[in-house]
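Down below is the structure, laid out as structure tokens.
Residue numbers (the working numbering): 22 to 135.
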């Protein structure tokens, strides 16, 4: 007995956005990251089009995380005191396409290290 494929039809594609601009586009970046445009859920390429690969984004903080799982400390504790080195590690070792810098240390409602 054949099991029919359960496919979902999406009416509209996800909006496409390009982050960054190269010098030719009037920016300063060496490359851009484009996401969106899909007509299906991620990794369900048989249901629709996925024109851009998923982007990997990682978060960097300006303070040492206190409540992160121990396993993350095994990989990041050597760079927690330096957001620049932490971001570089995210890109060089883990292949991050984007890095989000969370300035929690200078938040007046947070640690207020300003």
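Ideal placement from N, C-alpha and C gives every residue a C-beta, glycine not left out.
Query                                                                                             : Result
Nearest neighbour of residue 124, chosen from 32, 115 and 134 [CA to CA]                          : 134
The stretch 29 to 43 contacting the stretch 54 to 70, beta-carbon criterion three pairs below 8 Å : yes
Exposed unless 16 or more other CB atoms sit within 10 angstroms - verdict on residue 107         : buried
Every unbroken beta strand (DSSP E) inside the stretch 25 to 76 [3 residues or more]              : 38 to 40 and 54 to 56
Chain D contact for residue 105 (CB, 9 Å cutoff)                                                  : The structure shown has no chain D; it contains just one protein chain.
For residue 93, three-class secondary structure by DSSP                                           : helix
Environment of residue 111 [buried if 16+ CB atoms lie within 10 Å]                               : buried
8 Å contact criterion, which residue 86 and residue 101 should meet: CB distance rounded          : 7 Å
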